[in-house]
Structure formats: C-alpha cells, structure tokens
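Have a look at the structure below before the remarks.
There are 2 protein chains.
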Amino acid sequence: MSVLVVGSVALDSVETPFGKADDVLGGSATYFSASASHQTPVQLVGVVGSDFPMEKLKPLADRGVDLAGLERADGESFRWRGRYRHDLNSCETLETRLGVFSHFRPKIPATFRSAQYVFLGNIDPRLQLDVLQQVDKPKLVACDTMNFWIESRRDDLIALLAHVDLITLNDAEARQLTEKSNIVHAARWILEHGPRTVVIKKGEHGAFMFTANSVFFAPAYPLDSVFDPTGAGDSFAGGFIGYLARTGDLSDASMRRAVVHGSAMGSFVVEGFSITRLLEITRSDIERRVAEFHQLVAFDAAVPANGA
Amino acid sequence: MSVLVVGSVALDSVETPFGKADDVLGGSATYFSASASHQTPVQLVGVVGSDFPMEKLKPLADRGVDLAGLERADGESFRWRGRYRHDLNSCETLETRLGVFSHFRPKIPATFRSAQYVFLGNIDPRLQLDVLQQVDKPKLVACDTMNFWIESRRDDLIALLAHVDLITLNDAEARQLTEKSNIVHAARWILEHGPRTVVIKKGEHGAFMFTANSVFFAPAYPLDSVFDPTGAGDSFAGGFIGYLARTGDLSDASMRRAVVHGSAMGSFVVEGFSITRLLEITRSDIERRVAEFHQLVAFDAAVPANGA
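Here the protein sequences line up with chains A and B, keeping their order.
The first sequence runs 10 to 317 under our numbering.
The second sequence runs 10 to 317 under our numbering.
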C-alpha cells in the first residue's frame, strides 16, 4: 500500500565538525520519502521554487516516489542553513528562507486522494487539517509538528489531534504542548486529545511509543560515527509509517517492529549528508540493522533455575 | 555469594518539588547496600561520625547488611544538602560537609577479605586501589567514580582501571575521562585500559553495557512519578552487582539480566526519599518490574510471512 506525504522540499546547507554541504536536498517530505520508499511506494505533495534544480529529485523518482503532487511555483525555493557543533547535539540555524513554501497550499492530486496511509509533515496545522479534507478515508493518518506551531497555532494543533491516529513529536515539544514535565503524563494528555498512538522522539536517546495500554521503547543505535543529524526525525517517520503501509498490519506487534524500522532509518541517515545514505542502503541492510537493534536490547527476564 | 561494598554513609537533606527530607540516610554504600541486599548478603565498609544516629542503620542490618566494617570516628558525619528543580534533571548542591569522611581510610575486616564480589563506591581512586590490596582474590571487582576524581586524580584512576573488571560511570564522566565525545569511542577507550565491561549510565535515558564484542542497552523505566532522583546510580549498581553475586553467573546473558535488575532498582529508589522504597519492596516486586522492562523493549525482529 502506498503512503502519501505532505511536507517541505528544501535546499539545505549544513556544516558539521566533519564537513560541509551546500544546497543539498532537504526538507521533511524529502527525508520521509527517501526513507519510506525502502518499504513501499510514496506519493509526495510539496512545493519548490522556479530556481529548484529538478534533477536533484531524480534519485527519489527512481526509487518509486511519485512526484505528481510536487508543485513548481514562481519564486525562490525553501532554503535552510545550519551548523552543528562538536557534540552534534545542538544545531544552530544560521538562515531560513521560506520562499515559495511560505504560501504553500497543499493540493492533493485526484490520483492521491484514495491514499490509505497519510503522513502530515511538519507544516501549519491548518494546512494539515486542510489536507485531510482532500483525502477520502485513510486507514492511518499520522502527523508531525514543531515548537513554532505549538507556540503560534496551539488551538489549531489541538483541533487537528482529534483527526489523527498517530502523532510523532520530540520530548521537548511534547512537554511544551501538554505543559507536563513528566513524559508519561504528557503522552497520556495527548492520547486524551485524539491520537490512539503517540510517538515521543528523544533524538540520540531513542523513542517511546505510547498507546492506551502499552508502552514501547526503542533506543537510538549507538553509532560509531554520526556525520550529520539533519533529517533523522523525518527518516524515522518514513521508516515507521512506510513499514506500516507495506505490511498493512496495525497490531501492537507490528507497530513495535515499525518503530524499530523507523529507528533503523534514523540511524542510517545520520551517517552521511542529506539523503545520501538512504539512497545507498538496501532492504537487507535495513533488516540487518533491525536485527542489531533486537540484539541491543535482548535479554531473558526469567532467572535460570540454577540461579535462584 | 555476598558482596563487599566500600563507600560513603551520609546524612542527606533533600528538597524536591514534591517535598523535603532532613538528615535522612544517604551515601553511595548505603544505597548500594539497600539495593543489593534484595539479591544477596552485603558487607559494608565505611565511616560515620560520633554524631551519627546509629538506629537509622537498623533497617539495613535487618536486611542482612553486615556493618562490621562500618567505623565510627570522632567528629561529624558526612552531610549533603541538595535541591532538585521542577524537571528533576538538574540537582543543585547546597552544602557538602565531608566531616570524618575526609580522612576515611577503608579498613577491610578479616572476615570480609575473602569477598568474591567487590564494589568500590565513588571515593578517591587511591583508596579504591588500597582496598584491592586488602582483599584476597575476588571473582569480580567493580568500581564507580565521578567528575571530581577524573579532574583531580586522573592518573590514579587510570591506574585503577587496570585492576577492575567492570566500571560504572555516567555519560558525561565517560566523555570527560576519555576525551571522546562519541559514547562508543569512549567505551572502547575504557575497555582498552583494563575493564572487561563498561556500564555507561545516562540517568533518565537508560544505560549501556559495552564489552569487547557486545553492546546492551536498558532504558530507564518511564515512571509516572519520580519523587527524588538521589541514589539512583548507586541503587542501579547494587541491583546489578547484587544480581551477579547471587547467581555467580558472569555470562553475557546473565550480565544483561543484571543490568536490567540494576535499572529496576534505580526505578524503585526514585519513587521515594532516601532508601524508603528499597525497604518496602519485595523480590516479587523486583521480578515484576524486570518483566515490565522486558515488555517495554520486546519486539519480534522477523517480518511475518504475510507482511513481505
């Protein structure tokens, strides 16, 4: 089953302690698509400016990402420039130029409207809601958000929650949205406002998935070398939702495997600039890393008889 | 098999957003003992001042903690006063009065010298080494340390590493000791300097255990209410080393279960002031929480046949 993603397509310029990249492919929809395309076909809705080097998108199209919903508007493309310091934990945004993205009004092509799996990338919650009015009856609607919308569009975001099945957000955002400092309380608050599933991402500290009667935790993989953290969250979402769309299985067991597929994709993308690593890896690389995640947390809870 | 612990016994005064406690039982050896005593008999070596209310130690003695190595010296007991802010993540030390602890020279009673499991709590690494010269031939020697010793006794600490099998330290301390910002690199550096096992604690973000050919991760339990984080690290160590001493099994599978027992004890102790919760819980509470940890991270890596 294919998955529909609505979000940004950008040109990023990034500095890390290990190197520098200019005008490389970025944006939430880009990372999500490159990641999800390892699991299932992807339909992308977004906007780029008239200056956008369209050939940069060929690797996505080659991977089965349908770009029929990518609008090309008069004006400049969304550009972001950022710098990561030595420990890679804090990112300094040097410049954000929204360009045509500031007037983005997602238009879902007729052929995309029957999408069964929908990911609403981090955009204005009013636009996220507007997308839902353009699609038929998805089996699963997931959304992401960020501090900017929590501050400026809190009521719209809370209204959106009633219409989504799943939300991914980071721990600071969860605390900010719910005004609860305890992450369990924050998750419970969000569950009470609509979503059946809340995924709270903690970056290098892993991710929690909360439902009404289950908590699951997947660590971030302890990587030998983290090159560029940009896009980890959207690549996580791509692996996660992509896995669900591929299997069509929304059971707790499948959701857990999906979170780990998300963590695996997050662990790959940070090994290189932009989506480079996501274009290099294969399904078997992903399955191997999922198995490594399994080994990372595996233990037998029962005490052996001779150890009592 | 019993376990020998050398460390501090203190009187703590703690303020958290949820309450205040004055002159309650604290110190690394105290938390370690209360925790490990759920698994195995404990032999404690430490010092208190002539002002110490000895009746406070009765619950430890009742739990099988042998206090024959607890010296009572002329002078004031070690006192610590601290305050946790709203999010419980940062602790402000308001006062530290070392008292008799500043002249502490551990003397291991003759009956403790054949200890097979030794935990060197966070004291001067020269004293930790001195303890090792007083014991016969332990099966496992573990140590803890802190930023103060890394700064002031780095060479002594590195010399100690050659004589320990296992070290527990937090992520900031691991980075400081090794001058590596990547936690995998930091663990490797420590493994090259002696210990066969390195446990890197990340507080509310869980703990990693590294050996030459295996990495294990245990999350911290997502608690509904964290009351007072004091002593979580030493309670972790007590559950961890206590489990190993009880089972006598140092295989990778057993070490993994031991880490989870440590995490379970860390998750209990923060539910109350001082060692209160550790005195309330039973072995079956512990086994139940270990099972909850198992459920928290459990997933089946294999994709079901119908999901391909």
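C-beta atoms are modelled at their ideal positions from N, C-alpha and C, and glycine is treated no differently.
In the three-state DSSP reduction, ARG286(B) falls in the helix class (H, G or I).
The Cβ of PHE236(B) sits no closer than 7 Å to any Cβ of chain A. About 17 Å separates the Cβ atoms of GLY271(B) and GLY257(B), ruling out a contact at the 8 Å cut-off. Not a single C-beta of chain A is nearer than 7 Å to the C-beta of ALA151(B). Contact annotation, ASP83(B) with SER59(B): C-beta distance approximately 5 Å; criterion of less than 8 Å satisfied. In this structure, PRO231(B) is the residue among ILE250(B), ASP309(B), PRO231(B) with its C-alpha nearest to the C-alpha of GLU280(B). Residues of the stretch 268 to 300 of chain A whose Cβ lies closer than 9 Å to any Cβ of chain B, in chain order: VAL268, VAL269, GLU296, VAL299, ALA300. Neighbours of GLY215(B) in chain A, taken as residues at a C-beta separation under 9 Å, are given in chain order as HIS214, GLY215, PHE226, PRO228.
In this structure, VAL57(A) keeps its C-beta atom at 7 Å or more from the C-beta atom of SER17(A). At a cut-off of 7 Å, the C-beta of SER190(A) has a neighbouring C-beta in chain B. In chain order, ILE192, VAL193, PHE217, VAL224 make up the part of chain B whose C-beta sits under 7 Å from the C-beta of PRO231(A). If you draw a straight line from the Cα of GLY251(B) to the Cα of MET264(B), it comes to about 11 Å. Using a Cβ-Cβ cut-off of 7 Å, VAL306(A) counts as an interface residue toward chain B, since at least one Cβ of chain B sits closer than that to its own.
Nearest in C-alpha terms to ARG88(A), of all of ILE176(A), GLY35(A), CYS152(A), is GLY35(A). Residue environment: PRO62(A) is assigned as exposed (fewer than 16 neighbouring CB atoms within 10 Å of its CB, all protein chains considered). Here DSSP, grouped into helix, strand and coil, assigns GLY28(A) to strand.
In the three-state scheme derived from DSSP, where H, G and I count as helix and E and B as strand, MET155(A) is classed as coil.
Runs of the beta strand (DSSP E) spanning 3 or more residues and lying entirely within the stretch 92 to 170 of chain B occur at 100 to 106, 126 to 129, 149 to 153, in chain order.
Taking ARG184(A) as reference, the option from VAL208(A), LEU169(A), HIS172(A), ASP174(A) with the minimal CA-CA separation is VAL208(A). Taken in chain order, the whole beta strand (DSSP E) runs of length 3 or more contained in the stretch 175 to 209 of chain A are 175 to 179.
A distance below 8 Å between beta-carbons, with the five flanking residues on each side excluded, links HIS202(A) to the following residues of its chain, in chain order: ILE167, LEU170, ALA171. Closer than 7 Å to the CB of HIS303(A) there is at least one CB belonging to chain B. Only residues of its own chain outside the window of five on either side were considered, and among them VAL23, GLU24, THR25, CYS100, GLU101, LEU103 have a CB closer than 8 Å to the CB of ARG92(A), listed in chain order. Between GLU188(B) and HIS95(A), the alpha-carbon positions lie close to 12 Å from each other. Going by DSSP, VAL306(A) is part of the alpha helix (DSSP H) stretching over 292 to 306.
Taking every protein chain shown into account, the CB of THR177(A) has 16 or more other CB atoms within 10 angstroms, so this residue is buried. Note on geometry: alpha-carbon atoms of ALA229(B) and GLU182(B) lie some 19 Å from one another.
Under the Cβ distance rule, ARG94(B) does not count among the residues neighbouring chain A, no pair being separated by less than 7 Å. In the three-state DSSP reduction, VAL278(A) falls in the helix class (H, G or I). Assignment of SER263(A) by DSSP, reduced to helix, strand and coil, places it in the helix class. Listed as beta-bridge partners of LEU20(B) by DSSP are LEU34(B), ARG88(B).
Distance from the Cα of ILE192(A) is smallest, within the candidate group PRO204(A), ARG205(A), MET218(A), for MET218(A). With 16 or more other Cβ atoms from the protein chains shown falling within 10 Å of its own Cβ, GLN48(B) counts as buried. Remark: C-beta atoms of ALA119(B) and PRO147(B) do not approach each other more closely than 7 Å.
In this chain, the beta strand (DSSP E) harbouring GLY78(B) covers 74 to 82. Approximately 5 Å separates the beta-carbon atoms of ASP174(B) and ARG205(B); this is inside 8 Å, confirming the contact.
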